[in-house]
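In UniProt numbering, the protein residues as written are 1 to 296.
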């Protein structure tokens, strides 16, 4: 899943992507996180300053990007081998870009000001000169978001400016900035933090299938419920026995089942059964949408 703005080089667009990252995590109930920011141009400039050749650039960036996955000693060795600098010179380079040793550049300060105007508290932003984002297509701002309570899970958002990337896929080169969400990683983290409850299904109402004669009505019920914002589906299993459908709903932890057969057809009603309270109510078909909303 991505967030992108295409067609502008404005720093406002970069700031808005960071704002979206901040607002998304806050909306999900996460308070302890940090958004690390850097400028890819400064990263490349430092490589040149330390004599790292163009041929070794990509390998070096990939090695630097593994900082959080290695011990300090392993990281130093990996960067030394990738850059060809030798261990002592590599240590000097890594010292310069690590922790408080990296001096915040004017571009990053400008980006901070933009995000502050958009309502992003600066305590959530951290300049990190060691942030490189190993992908070669980044051309300006780069950023990652990580959860402070479980840092071992890695970044849950990552992105930056990638002007010119579109030229690889079309004849037109467009400036762009964006970020990707590590959806699986993020939701695994939210579950560990107790922010969400693991669900077997999102289905709220299961419409029982009591025969082909009622197929049109079942489709109508599902459509009505979905249009009203209720996640509903018709039972699609091969075993159409009533008890089999009920067992399926219980196993999937679906809170409601909708029952419609011959008796209900004659009286123009449906039966809505709450499997959590084991209660059942009869509802006129024309009042189905309203009744389900109230029941939820």
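Beta carbons are placed, not taken as given, at the ideal position from N, Cα and C, and that holds for glycine.
**Request:** Figure out for me which residue from 126, 49, 185, 256 has the closest Cα to the Cα of residue 225.
**Result:** Nearest of 126, 49, 185, 256 to residue 225, Cα basis: 256.
**Item:** Backbone secondary structure at residue 115 - three-state DSSP
**Value:** DSSP places residue 115 in helix when its eight states are reduced to three.
**Item:** Terminal residues of the beta strand (DSSP E) in which residue 234 lies
**Value:** 232-234 is the extent of the beta strand (DSSP E) around residue 234.
**Prompt:** How should residue 25 be labelled, buried or exposed, when 16 other C-beta atoms within 10 angstroms of its C-beta is the threshold for buried?
**Reply:** Residue 25 should be labelled buried.
**Request:** Name the residue from 122, 193, 68 whose alpha carbon lies nearest to the alpha carbon of residue 133.
**Result:** Answer by Cα proximity: 68.
**Item:** residue 75, buried or exposed, once every other Cβ within 10 Å from all chains shown has been counted against 16
**Value:** The residue in question, residue 75, is buried, as its Cβ has 16 or more Cβ neighbours within 10 Å.
**Request:** Name the residue from 184, 123, 175 whose alpha carbon lies nearest to the alpha carbon of residue 161.
**Result:** Among 184, 123, 175, the Cα nearest to that of residue 161 belongs to 175.
**Message:** Rounded to the nearest angstrom, what separates residue 221 and residue 147 at their Cα positions?
**Reply:** C-alpha separation (whole angstroms): 42 Å.
**Message:** If you measure between the beta carbons of residue 3 and residue 180, is that distance less than 9 Å?
**Reply:** Judged by their CB atoms, residue 3 and residue 180 are nearer to each other than the 9 Å cut-off.
**Request:** Can you check DSSP and say which residues form a bridge with residue 269?
**Result:** DSSP lists 284 as partners of residue 269.
**Message:** So residue 223 and residue 254 are supposed to be a Cβ contact under 8 Å. How far apart are they, rounded?
**Reply:** Not really, about 18 Å apart at Cβ, beyond 8 Å.
**Item:** Run of the alpha helix (DSSP H) containing residue 9, from where it starts to where it stops
**Value:** No alpha helix (DSSP H) holds residue 9; DSSP gives it neither H nor E.
**Asked** Relative to the alpha-carbon of residue 262, which residue among 230, 31, 208 has its alpha-carbon at the smallest distance?
**Response** Answer by Cα proximity: 208.
**Asked** How should residue 214 be labelled, buried or exposed, when 16 other C-beta atoms within 10 angstroms of its C-beta is the threshold for buried?
**Response** Buried, by the Cβ-count rule.
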